[in-house]
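Working notes, beginning with the structure itself.
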Amino acid sequence: MSGLDLNYSEVEEELRANVRALLADRAPANVTLARTEAEQTTDLALWRSLADELGVTGLPVPEELGGAGASWRETAVVLEELGRAVAPVPFFGSCVLATAALLAVGERKVLSQLASGEAVGALTVPFATAPGPGFPSGVHADDGLLSGTVRHVADALVADVLLVPALAGDGTPELYLVTGAQVEPMVSLDMTRQLAVVTLDRVEGVLLASGAEAAAAVGLALETGAALLASEQLGVAEWALTTTVAYAKERHQFGRPIGGFQAVKHRLADLWVLVSQMRAVARAGADAAASGADLPLTAALAQAFASGAAVTATEEAVQLHGGIGFTWEHPAHLYLKRAKSASLALGTADRHRARISELINL
Amino acid sequence: MSGLDLNYSEVEEELRANVRALLADRAPANVTLARTEAEQTTDLALWRSLADELGVTGLPVPEELGGAGASWRETAVVLEELGRAVAPVPFFGSCVLATAALLAVGERKVLSQLASGEAVGALTVPFATAPGPGFPSGVHADDGLLSGTVRHVADALVADVLLVPALAGDGTPELYLVTGAQVEPMVSLDMTRQLAVVTLDRVEGVLLASGAEAAAAVGLALETGAALLASEQLGVAEWALTTTVAYAKERHQFGRPIGGFQAVKHRLADLWVLVSQMRAVARAGADAAASGADLPLTAALAQAFASGAAVTATEEAVQLHGGIGFTWEHPAHLYLKRAKSASLALGTADRHRARISELINL
Amino acid sequence: MDAELTRAIGDLLAAHDPATTPVADFLGARFDAGLAWVHFPEGLGGRSAPRATQQEVNDAFAAAGAPTLDSGRHGIGLGMAAPTLLAHGSEEVRRRFLRPLWTGEEVWCQLFSEPGAGSDLAALGTRAVQEEETGDWIVDGQKVWTSLAHEADWAILVTRTDPDVPKHRGMTYFVCDMHAPGVEVRPLRQATGEAEFNEVFLSGVRIPDAHRLGAVGDGWRVAQTTLMNERVAIGGHAEPREGGMIGVLARTWRERPDLHTPALQDAVLRLWVDAEAARLTSERLRQQLAAGQPGPEGSAAKLAFARLNQQISGLELELLGAEGLEYEDYSFRRPANPSMIGGSPGYRYLRAKGNSIEGGTSEILRGIIAERVLGLPQEIRVDKDVAWKDLPR
Amino acid sequence: MDAELTRAIGDLLAAHDPATTPVADFLGARFDAGLAWVHFPEGLGGRSAPRATQQEVNDAFAAAGAPTLDSGRHGIGLGMAAPTLLAHGSEEVRRRFLRPLWTGEEVWCQLFSEPGAGSDLAALGTRAVQEEETGDWIVDGQKVWTSLAHEADWAILVTRTDPDVPKHRGMTYFVCDMHAPGVEVRPLRQATGEAEFNEVFLSGVRIPDAHRLGAVGDGWRVAQTTLMNERVAIGGHAEPREGGMIGVLARTWRERPDLHTPALQDAVLRLWVDAEAARLTSERLRQQLAAGQPGPEGSAAKLAFARLNQQISGLELELLGAEGLEYEDYSFRRPANPSMIGGSPGYRYLRAKGNSIEGGTSEILRGIIAERVLGLPQEIRVDKDVAWKDLPR
């Protein structure tokens, strides 16, 4: 983790401003809250805007494949803003997990569809899967026909294509492209990223990679995901901090803004320190994903730190808002649910610490 | 832990008042601090007063053996006050550990000497030894001649008799009474309870118990010690709380008592809650030691909780005193050192949690 | 327990078989025999006996299988309204309300908090204006976080009667008829999806002056009686080892070895230790208070319980991993019998967040401990000598 | 770095071989070449170059093996006195003091804190009274927590010159000769047993008016320059992974498998993660500040570093168990080169307790972050319009 660039470039700040402006316009809190009870819990119109108006769906994909030819660093900035808005779009599943897997196996056609946003992809693994040794074993391949059930799949509900890790009869890891699976919504703790059960019953798949290549692709996708999820968590935590500081300045009790009470001030100061640390860790994760240098350790660090930090930030937001923060109408709970779910996604902090232990012999 | 009596009886409160008055008179902070740099770091005059004037050295020993015929509950109250004064007397080693072992094996002569305070005893085990399976293996017995070195022995420096757990040639646990060992002081983190290295080189011992009886006696002594150490830790923490609250009322910064600043108030409130919880846990430990009911679990709980709590309390005391709390002249460091050392004594909280796990299958 | 009490209980049980007597009848008879709240005066459910004997009386009835009211539905009445009615109600008010409250025939709720007056209850703005002709009070305003408002017959209500004096001095306390015209109850949905509480809108609600508790302008003092009893009610009951939230976690741990890792085990054990320490502390307080009055120490129990519930339910989700990503049901509903322990792990996690807010935030409780237990200086008050109407909001 | 700078460095190195030139001579030449603090004016060790180039200049000298001063002995001079002298000193003062400070020929200390003025530095009471005849100032009072006072030649000193105005307005800042009559230095022993700091008693110490920095009564503003630089100096340096206290713990863990338990392993890992996060945060700040001015963000680094040092050193003792019961040496001594990392585990544990007190308590730093970074309301000041002499103490 030396030589990391931990700051934002001007291009990144400009990208952030564009994404933030779009989300402020199209995905204000009341709209996002209402969406959680709509028939379709994903905001596909917003998704189209992100793809068509801003072109942020293919940032790490080379230009010749229809992408923006940028890197995971810029993708991470988009994730920060999506986290800050808990925007219900399949960006993480399609533009991070699926894209990372397709980049790894050198696939081009679907990749360009995902990059342009004309198709949504999802990596068909349980969202709680941690990176590291081991290959998902929920699906079995039999002569190119896939069978199995995978629960807690992120962003599969609106996916056009599924990237399905499967085990061949002899246990060889394989990675398939699938379009005709049965996908059912699950009631999910996180209301703005509804998970799904994917059921495959002798469904045809297109083999993308096999053996070590398949294992490496899935592993890299999960590691990239873990490294970048910290940026989304940072966005969630920043919302919590910013909104709570603003509320503390405006809400009066005992004739004073509650933000003038020292115990509240000190907690918000501690929270600011925590969010500052998350930012450094998230930038390290994004930079490592982009360069590939030291990615396993940096990804594990990112999740070991950011998971708990985002939960703390949103828990403090609920608490310091008092009663109003516990109501359905206030968006704080959406962030709390996102933060807590994200802390379980791609492995709990506990698992990531265990991974650090293996990687640096601690 | 049902049916526990968690309060103090009137007799116990009277006992407390007597011990506290004596300590306030004979062991004020400046005297105790000076004692740590004296040739003799134990205050033997204070010890004599506790034994002769107050008669608190034999509380759990039956009257016919020269004791007070009370119980470990009353002993615990004395420990609270000794902790509150970080009094440099060998009470814990002699009146808890050694006395418990002698009571367990049914010894009478030395027990009555310890009960009256005319002799000081020490259990020759490393002070960090945790209760539970396993027998101290530092000393070996060969035809009644004992050899070995035991480091970190509490209260051995002024001990007249040592209770030495030893392993016979065939590995049988045995418990001996020894009077002629070489005892050397160690520079100890805890300045008011200096530890010692006990060296035995073919020293004659009197066999008190052998086999299961010896193992049980040492085990019970350690468990009783762990249960009662929480009371000493409670006293340490109460000093920290009381002294810090008083200081916060009196110390002015920014034209106000620092105890009027909300962040300080809230921390002291949290500390008060913690000390209240320590008190309940310490009383549970004392009651369980007295009744024998559920002692292994209650002793483990007592140390699992009180170790960290006393450290927190004294750390908060140092911090909230600001610079003065970090000076040699202020007694806060004596309490910090006692609390941190006590958290390592008779097993760290970590080990006690592991013991709880075994005992209740958690 | 003295012989007279024992005899009275025996007589009552002999005359009214707990197994066959309808609940309200049995409780009515218990009230009339002065065995409801033994320390209350005669004729008001008591017999001016020492408060300390109440527990023994309750135990004797419990041993005989006598019925009691559901504490969820009647907790506010029994725990908060009753002591306040006794302490501050007129003789007429006490006679009118205590008996049906005790028998469960009338359900009570509490109209205290407002959107602008949460921790700072004394800032409340629900206006009560006295009509000159009738002496009745006309009440307008909005209350929030009202459990049971949709089922309650009566409410204890604090209002602003004089906006021109500093806030603590211009409040008045009433009993409010929840069936009166102008009382509108709307469910208040919370983060869990359900609506355990309500918002209550009061528009021109008429309250007779006879239903006032305490003097005009003395509402703050009256409310203190209620609040002190609330804090004790929340933290004061005995719990067995591994009762409450820690029991759920311990059970999950024991039943699911597939989820075990060494680090999670230590985390579970830490919380077990903390929960057991908190339980013993409440038990010690209960032993001390058996005979005494509630004090600020109850605040500590509530503080510890809120933190533990949050930590334990948070760890449960971490332990469950993938399963923790699920939820039971976010659809809007009004739970008949809300439980913080029941429901799914996700529900427990979300619901526990309310524990450090409802019934006094943890921040307020720390302040109470610091000032009332430790005697630390009070917060600097900028609102002390300011008329309520001039306070910044 | 521009060509001129590169050439100047090359010229200097050519003329003064770092390997053979005495340190003070080399540094003196560097000062005279305007390569000490490049952003300082010409003649004062600088050349009015952009502050951002300083790091490159330092790197170039380091690469050539050029000598630097020991930061322990000269840190106060270089980090705090120099920027203050530059910002507020008269031309005479800057010319007199900056060069020997830079060359290490004169050692500096800081006379700020007093027994009654710790966090509330502006409450300080050391009196300075101006003599009418000479214009000299006569200083009486007591300072504490003075590192290096027993070795220092000069001190930066804040005094009370007008007790009749509110505290922030009646202070004046001086350079004080530590060899002047009336300056008495006594070692201040701390919890570790040693005396890293001193108490300094000032009795009728005479300071010429020419050694005043800033206007009479303007001492608070001058002191802000010093303090802002102190906070940055403490938290602002780059650290390699597993540098500092966490490296000690990680080494112990790796070298002592006999001490391992699963629970302790997770505790070690948690602190490793936190330490790495704090390190990356400082590194990020360093990257941001390379070109900029120190701001309140440095407070966060110090806050995090203090907490981590305390947690890590506390865990180290727990990990060591029996060995943690030992200490190295409590006998009184003045360490020549104090290090928080060196020494025994027990020493590290005790010494780390000072980290959240010295150079601004963690409580003060939280307040700075809350007010200056987050813009939250300031504490209510009761001392704002009160003459210093009338403040409660």
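Chains as they are written, first to last, in UniProt numbering: chain S, 1 to 362; chain C, 1 to 362; chain F, 1 to 393; chain P, 1 to 393.
Note that the Cβ used here is the ideal one computed from N, Cα and C, for glycine as well.
Delimiting residues of the alpha helix (DSSP H) encompassing residue i
i	result
Met245 (chain F)	Gly244 to Glu255
Tyr347 (chain F)	Pro345 to Ala352
Ala18 (chain S)	Just to set this straight, residue 18 (chain S) is Asn in the shown sequence, not Ala. Run containing Asn18 (chain S): Glu10 to Arg26, per the alpha helix (DSSP H) assignment.
Tyr176 (chain S)	That residue, Tyr176 (chain S), is in no alpha helix (DSSP H); its beta strand (DSSP E) goes Pro173 to Val178.
Arg94 (chain F)	Glu91 to Thr103
Leu317 (chain F)	Glu297 to Leu320
Leu86 (chain F)	Ala82 to His88
Gln378 (chain P)	Run containing Gln378 (chain P): none; DSSP gives neither H nor E here.
Trp47 (chain S)	Leu44 to Arg48
Inter-residue Cα distance where the pair is residue i and residue j
i	j	result
Gly204 (chain F)	Val185 (chain F)	14 Å
Leu222 (chain C)	Asp2 (chain F)	46 Å
Pro257 (chain S)	Thr226 (chain P)	32 Å
Gly205 (chain C)	Val153 (chain C)	18 Å
Val56 (chain C)	Ala101 (chain C)	18 Å
Ala309 (chain C)	Gly321 (chain F)	30 Å
Ala87 (chain C)	Pro187 (chain P)	28 Å
Gly236 (chain P)	Glu196 (chain F)	Below a pLDDT of 50, predicted positions are generally treated as unreliable, and Gly236 (chain P), at 48, falls in that range; no measurement from the model is reported.
Leu167 (chain C)	Gly225 (chain C)	22 Å
Lys353 (chain P)	Gln287 (chain P)	29 Å
Gly214 (chain P)	Val139 (chain P)	17 Å
Pro62 (chain S)	Arg108 (chain S)	10 Å
Local Cβ density within 10 Å of residue i, reported as buried at 16 or more and exposed below that
i	result
Ala314 (chain F)	The displayed chain sequence assigns Gly, not Ala, to residue 314 (chain F). Looking at its Cβ environment, which holds 16 or more other Cβ atoms inside 10 Å, Gly314 (chain F) is buried.
Ser276 (chain C)	buried
Glu74 (chain S)	buried
Asn361 (chain C)	exposed
Phe254 (chain C)	buried
Asn355 (chain F)	buried
His16 (chain P)	buried
residue 394 (chain P)	Look at the range of chain P in this structure, 1 to 393, and you will see that residue 394 (chain P) is not part of it.
Limits of the beta strand (DSSP E) - the one that residue i falls within
i	result
His260 (chain F)	Element bounds for His260 (chain F): n/a, residue is neither H nor E.
Asn355 (chain F)	No beta strand (DSSP E) holds Asn355 (chain F); DSSP gives it neither H nor E.
Pro187 (chain F)	Val183 to Leu188
Arg202 (chain C)	Leu195 to Glu204
Gly121 (chain S)	Gly121 to Leu123
Counterpart residues of residue i in DSSP-defined beta bridges
i	result
Cys176 (chain F)	F:Ala155
Arg127 (chain F)	F:Asp140 and F:Arg160
Met171 (chain F)	F:Arg160 and F:Asp218
His140 (chain C)	C:Ser147 and C:Leu167
Ile207 (chain F)	F:Trp137
Pro166 (chain P)	P:Ala387
Arg212 (chain P)	P:Phe174
Glu326 (chain F)	S:Ser188
Glu199 (chain P)	P:Arg186
_Inside the stretch 212-262 of chain C only - alpha helix (DSSP H) runs reaching at least 4 residues_ = 212-250
*asked:* Just to confirm the assignment: which complete beta strand (DSSP E) runs, minimum length 3, are found wholly within the stretch 85-113 of chain C?
replied: none
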